[in-house]
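Here's the structure, in structure tokens; my notes come after.
Residue numbers (the working numbering), protein chains in the order written: chain A, 1 to 168; chain B, 1 to 168.
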């Protein structure tokens, strides 16, 4: 990320997703962080990331796509006041605070959409960067699912359920 | 349930679901146990209960539908070895052990389908009958989601995440 060009977060278009697809494909092929199928097509991934969720955003500098996140209710009916989000950052933009920027943005969007809390259902316990980041942003571990994730190097590892009540 | 007619658990047909619909409708209208929309049509409910899941079963005595459950992976890709099930019992059949029978049946089906564990994502904490039943069948509370469910009488109540490793 350049410091001279402003990062903008706007609704993600099909074109933005196509630009981001190489990163998305690497993330799902690595099978280390997301509980997604590794062999999804671009169309299946677009459906999952941009059509099923309530809203999907992209972080860009000019035309350069740096990252994306979605937001959706984590449950229906009497449980639809808690949202769920997923975030991905391009390799070039990692380690520069973009996940933090997107997460804070998503919390504001969540409140505007009427959500009272945010829940992550499957944070892979070996993904220490993510766990520490979410904790630094106020998310608490409210559950631990034993052996929930088949890690390619580490075998069956636990997943964490994390939660943050949102300031209204 | 009569003791003289055997209870059979078989794959649920569209006709079975239509027969069960009055119970299903009461359960979702009560808004006390399931995080489902209360205003679903029969077709939407059929899609949710019988088409999205991997398999759906019905418990019957002759042509009388007593209860039903679905089974599906609780996550995709590297998380698809843990399943999720949902159970419903008709009013006439409650308090007679049918949920236990269906749950034990579902555990066998789960193992046959290759699942290693079963997870419930949203057991409403005030649904003490369910919580005690699952605990008696070996499920542990592995997480508690604060204020996850809008109960019509009790306001915002917690939901529990429950988990059982399955004997292979």
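Note that the Cβ used here is the ideal one computed from N, Cα and C, for glycine as well.
For this session: Please check if any C-beta of chain A sits within less than 8 angstroms of the C-beta of residue 110(B).
Result: With 8 angstroms as the cut-off, residue 110(B) does not count as an interface residue toward chain A.
Exercise. Once you ignore the five residues that flank residue 87(B) on each side, which residues in its own chain have a CB closer than 6 angstroms to its CB?
Worked result: 69, 99 and 102
For this session: Put residue 47(B) into one of helix, strand or coil per three-state DSSP.
Result: helix
For this session: Please report the Cβ distance between residue 20(A) and residue 125(A), rounded to the nearest whole angstrom; I am assuming they are in contact, meaning their Cβ atoms lie under 8 angstroms.
Result: That pair is no contact at about 26 angstroms.
For this session: Assign residue 52(B) to buried or exposed, taking buried as 16 or more other Cβ atoms, counted over all protein chains shown, within 10 Å of its Cβ.
Result: A residue is called buried once 16 or more other Cβ atoms fall within 10 Å of its Cβ, and residue 52(B), having fewer, is exposed.
For this session: In the DSSP assignment, find the unbroken beta strand (DSSP E) run with residue 60(B) in it and report its ends.
Result: 55-61
For this session: Report buried or exposed for residue 60(A), applying the criterion of at least 16 other Cβ atoms within 10 angstroms of its Cβ.
Result: buried
Exercise. Just checking, does the region 143-162 of chain B make contact with the region 136-155 of chain A on the three C-beta pairs under 8 angstroms criterion?
Worked result: yes
Problem set entry | the region 105-115 of chain B in contact with the region 101-116 of chain A per 3-pair CB rule at 8 angstroms | no
For this session: Could you work out which residues of chain B lie near residue 53(A), taking near to mean beta carbons separated by less than 8 angstroms?
Result: Correct list: empty, because the minimum Cβ distance to chain B is about 15 angstroms.
Exercise. Is residue 30(B) buried or exposed, if buried means 16 or more other CB atoms sit within 10 Å of its CB?
Worked result: exposed
Exercise. Is it the case that the Cβ atoms of residue 28(A) and residue 40(A) are separated by a distance below 8 angstroms?
Worked result: yes
For this session: Less than 8 angstroms between the CB atoms is what I'm expecting for residue 64(A) and residue 123(A), so what's the real figure, rounded?
Result: Contact flag wrong, Cβ pair sits at about 27 angstroms.
Exercise. Among 36(A), 133(A), 163(A) and 56(A), which residue has its Cα nearest to the Cα of residue 81(B)?
Worked result: 36(A)
Exercise. Where in the region 81-166 of chain A do unbroken runs of the beta strand (DSSP E), each at least 3 residues long, occur, reported from the N-terminal end onward?
Worked result: Runs of the beta strand (DSSP E) lying entirely within the region 81-166 of chain A and spanning at least 3 residues, in chain order: 82-89, 117-124, 140-151 and 155-165.
For this session: Within 10 angstroms of the Cβ of residue 26(B), are there 16 or more other Cβ atoms? Answer buried if so, exposed if not.
Result: exposed
Exercise. Can you list, in chain order, the residues of the region 110-131 of chain A whose Cβ is nearer than 9 angstroms to any Cβ on chain B?
Worked result: Going along the region 110-131 of chain A in chain order, one finds 116, 117, 119, 121, 122 and 124 with a Cβ nearer than 9 angstroms to chain B.
For this session: Select from the region 71-90 of chain A all residues with a C-beta closer than 9 angstroms to any C-beta belonging to chain B, and list them in chain order.
Result: 74, 75, 76, 77, 78, 79, 80, 81 and 82
Exercise. How big is the Cα-Cα spacing for residue 48(B) and residue 168(A)?
Worked result: 32 angstroms
For this session: Step through the CB atoms of chain B and report whether any lies within less than 8 angstroms of the CB of residue 38(A).
Result: yes
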